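> Numbering (the UniProt record's numbering), first residue to last: 1 to 594.
We put the CB at the ideal spot given by N, CA and C, even for glycine.
No experiment lies behind these values; they were computed from the predicted model shown.
Provided herewith is a single structure, encoded as C-alpha cells, for subsequent inquiry.
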C-alpha cells in the first residue's frame with residue numbers, strides 16, 4: 001500500500017508539516033487582517049467624526065450645518081447623532097441604519113465619557129452588553145465631544161459591522177484560496193519530490209531482492225552525487241564484496257566436498273544433538289555395513305552404532321578428542337572424534353573413521369604367507385616323497401600297484417603345478433600385467449549359459465540353482481568373456497561347495513544405468529565374521545582344518561578380485577553364519593584403460 005511505502009510516508013509527512021504551518025500562518029493572518037480592518041474602520045470613523053465636529057462647530061447656522069452633515073453622512077452611508085445638552089439629540093436621515101435611543105449614548109459607560117471631553121470607540125462586543133434591541137446588526141460607534149460654549153454637546157458616528165465583516169470575509173476567502181492552492185501545489189511537489197528521492201531507493205530495493213535470489217551481477221544506477229548516490233556506490237561495493245565472498249565460500253565448499261569425497265578415511269559430522277549432518281563415501285559404506293549387520297533399513301542414515309554415540313557423549317562431556325575401535329562385518333575401524341566449537345560452546349563433533357583392516361591384514365599376511373605356502377606344498381611333497389620311497393623300496397609288488405602309486409604321484413604333481421600356476425597368475429595380476437581381450441557380450445545370454453553349466457553339479461549336490469535377471473533384456477557390455485566366466489565359475493563353484501543339500505544358490509543380474517551388478521547368493525554355512533576381511537586374500541580357506549575334501553588352493557577369490565579390478569569394477573561380500581553369503585560384483589559400462 002502507498003501509506004506503508006517510503007513515498008507515502010514522506011509525502012504524508014511533508015503535507016502534514018506544510019498543512020500545520022499553513023494553518024498556523026492562516027490563523028495569524030486572519031487575526032491580523034481582522035484587527036487591521038477593525039482599526040482601519042475605527043480610524044475612518046474617527047476622521048469622519050472629527051470632520052463632522054469641525055463642520056458643526058464652524059457653522060453658525062445650525063440648519064445649514066445639519067444639512068451639510070446629512071449629505072456628508074449619506075455619502076459615506078453612516079449615521080450621525082448630535083446630542084445637545086445631554087437631553088436632546090439630532091440624527092441624520094435613515095441611510096439604511098437603525099436609530100438608536102438617546103440612552104445608548106448617554107448611559108453607556110464608555111460613551112458617557114465623551115461629555116467629559118474624551119473620545120470613545122465602542123465595537124460590537126461592548127455595545128451588545130448594553131443595548132439589546134430589535135436590531136441584530138453589530139455596530140461600531142465613535143464619539144467625539146463638541147467644543148461649544150455649554151460643553152455638554154457631542155457627536156456620535158456609527159456604522160454597521162457588516163461592512164467590516166464583508167471585507168474580512170473577502171480577505172478570508174483570499175487566504176483560504178491561497179492556502180488551498182498552496183496545499184495542492186505542496187501535494188504535487190511533495191509527491192514529485194518523494195518519488196524522485198525514493199526512486200533510487202526503490203531500485204536499490206529491487207536490486208537487493210535480486211541479490212537475495214543470487215543474482216549478483218545486477219548493478220544499482222548512480223543518478224545523483226548526494227547521500228543517495230553515495231548509498232548506491234556503497235551498495236554496489238557491498239554487492240561486489242558479497243559476490244566475491246559467496247564465490248569464495250562456494251569454492252571452499254566445493255573444495256571441501258572434493259576433499260571429503262576423495263579421502264580414503266570416512267568422515268562424519270554430528271550436530272549438537274548427535275545427528276548426522278555430513279558424510280563422505282567411505283563413511284557411508286561403513287554405515288551401510290553396520291546397517292546390514294544390524295538388519296536395519298539402509299535409508300536410516302541417522303542411525304549410528306551405539307559406540308559412536310557413547311564416544312560423542314564423552315567428547316561433549318570432556319571437550320577433548322576421543323578414540324575407539326569398532327568391528328563391523330569383520331572389518332576393524334578406528335574412530336577418532338574431535339569436538340567442534342561455536343565460540344566457547346561445543347556445537348557438534350567430527351569423527352574420522354579409518355579402516356584398519358588392511359594394516360592388520362598385511363601384518364597377518366606377513367605372518368601367514370610362509371606358513372600357507374609351506375602348508376600347501378608340504379602335503380603334495382610329502383606324498384610325492386612317500387610314494388616314491390614305496391616304489392624305490394619295492395613295496396608295490398605288482399605292476400598294478402606301481403601304476404596306482406605313479407598315478408597318485410602324477411596327480412599330486414599336477415596339483416603342485418596348478419598351485420604354482422595360480423600363484424604366477426596372481427602375481428602377474430597384482431603386478432598389473434593382466435591381459436584382457438574385450439568383447440561385447442549380451443549379459444542375459446551369457447549368464448544363462450553359465451547357469452546351465454552348473455545345473456548338473458547343483459543336481460548332484462541336491463541343490464536348487466536359480467537365475468534372476470532384472471533390467472534391459474538386450475543389455476550388452478564390453479568385458480573379457482573368458483575372465484568373466486572364470487569369475488562366475490569360481491563364485492558359483494564356491495557357493496555350491498559350501499551349501500548343504502536342500503539349499504539354494506542364486507545368480508542374479510541387475511542392469512543399472514552405469515553398468516551391471518551380479519550377485520551370487522547361497523544359503524550355506526556362511527563365513528565367520530572374523531574371516532570376512534580376508535576372503536579375497538591368497539590362501540584364504542574357511543575350512544581351518546584344510547582338509548582336502550571341500551577346500552581348494554585358497555587362491556580363487558584372490559584371482560576373482562584381481563579380474564574384477566582389472567575391469568574397473570568392484571566386488572564385495574556380505575555374510576552371516578548359518579544364514580548364507582552374498583558376493584556382489586559390479587562391472588561398469590565404460591571400461592578404463594589401465
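Got a sec, what are the start and stop residues for the alpha helix (DSSP H) residue 488 sits in?
481-497
> Taking all protein chains shown into account, decide if residue 145 is buried (16 or more other Cβ within 10 angstroms of its Cβ) or exposed.
buried
> I'd like to know whether the C-beta atoms of residue 120 and residue 143 end up nearer to each other than 9 Å.
yes
> Mind reading off the beta-carbon distance from residue 78 to residue 157? Whole number of angstroms is fine, and I expect it under 8 Å.
6 Å
> How would you call residue 239, buried or exposed, if buried means at least 16 neighbouring beta carbons within 10 angstroms?
buried
> Identify the continuous alpha helix (DSSP H) that holds residue 62 and give its terminal residues.
62-75
> Is the beta carbon of residue 492 sitting closer than 9 Å to the one on residue 479?
No, these two residues do not count as a Cβ contact at 9 Å.
> By Cβ distance, which residues of its chain are closer than 7 Å to residue 536, with the 5 residues on each side in sequence left out?
Excluding positions up to five away in sequence, the list reads 557, 558, 561.
> Alpha carbon to alpha carbon, how far is residue 36 from residue 227?
47 Å
> By Cβ distance below 7 Å, which residues in the same chain neighbour residue 169 in space, the five residues on each side in sequence not counted?
none
> Tell me residue 172's beta-bridge partners as DSSP assigns them.
Note: residue 172 sits in no beta bridge, so no partner.
> Do residue 18 and residue 182 have their C-beta atoms closer together than 9 Å?
yes
> Kindly indicate which three-state DSSP category residue 434 falls into: helix, strand or coil?
coil
> Who are the near neighbours of residue 528 in its chain, counting only those whose CB is closer than 7 Å to its CB and skipping five residues on each side?
577
> Within a Cβ cutoff of 6 Å, which residues of the same chain sit near residue 260, ignoring the five residues on either side of it in sequence?
A distance below 6 Å between beta-carbons, with the five flanking residues on each side excluded, links residue 260 to the following residues of its chain, in chain order: 267, 280.
> Note down, one range per segment and in chain order, each alpha helix (DSSP H) of at least 4 residues found wholly within the region 256-323.
Those alpha helix (DSSP H) runs which fall completely within the region 256-323 and span 4+ residues are 281-294, 306-318.
> Whole angstroms is fine: what's the gap from residue 524's alpha carbon to residue 472's?
30 Å
> Which of the three DSSP states, helix, strand or coil, is assigned to residue 218?
coil
> Pull the bridge partners of residue 113 from the DSSP assignment, please.
In the DSSP output, where bridge partners are listed per residue, residue 113 has none listed.
> My guess is that residue 353 and residue 305 are in contact by the Cβ rule of under 8 Å, so how many angstroms apart are they, rounded?
Wrong, their Cβ atoms sit about 10 Å apart, outside the cutoff.
> Return the chain-ordered ranges of every alpha helix (DSSP H) run that is complete within the region 430-476 and spans a minimum of 4 residues.
Within the region 430-476, the complete alpha helix (DSSP H) runs of at least 4 residues are 443-453, 455-460.
> Going by alpha carbons, who is nearest to residue 237 out of 219, 250, 247?
Residue 219 is the option with its Cα nearest to residue 237.
> Would DSSP call residue 511 helix, strand or coil?
strand
> Which word fits residue 81, buried or exposed, when buried means at least 16 other C-beta atoms lie within 10 angstroms of its C-beta?
buried
> Taking the alpha carbon of residue 496 as the reference point, which residue from 511, 520, 485, 475 has its own alpha carbon closest?
520
> Give every residue of the same chain whose Cβ lies closer than 6 Å to the Cβ of residue 571, excluding the five residues on either side of it in the sequence, and list them in chain order.
561, 564, 585
> Taking only the alpha-carbon atoms, compute the straight-line gap between residue 484 and residue 438 and give it to the nearest angstrom.
10 Å
> With DSSP as the reference, please indicate the residues paired to residue 335 in a beta bridge.
The partner list for residue 335 (beta bridge, DSSP) reads 324, 353.
> Would you call residue 454 buried or exposed, if buried means 16 or more other Cβ atoms sit within 10 Å of its Cβ?
It is buried - the Cβ of residue 454 has at least 16 other Cβ atoms within 10 Å.
> From the DSSP output, read off the bridge partner residues of residue 340.
348
> Rounding to the nearest angstrom, what Cα-Cα distance links residue 133 and residue 102 in this structure?
Because the pLDDT of residue 133 is 47, which lies under 50, any placement of that residue in the model is unreliable, and the number read from its coordinates should be weighed accordingly. Their Cα atoms are separated by approximately 13 Å.
> Please look up how many angstroms separate the CB atoms of residue 522 and residue 580, rounded, as I've assumed it's under 8 Å.
5 Å
> As a quick exercise: from 288, 446, 185, pick the residue whose alpha carbon is nearest that of residue 509.
446
> Do residue 92 and residue 65 count as a contact pair if the criterion is CB distance below 9 Å?
no
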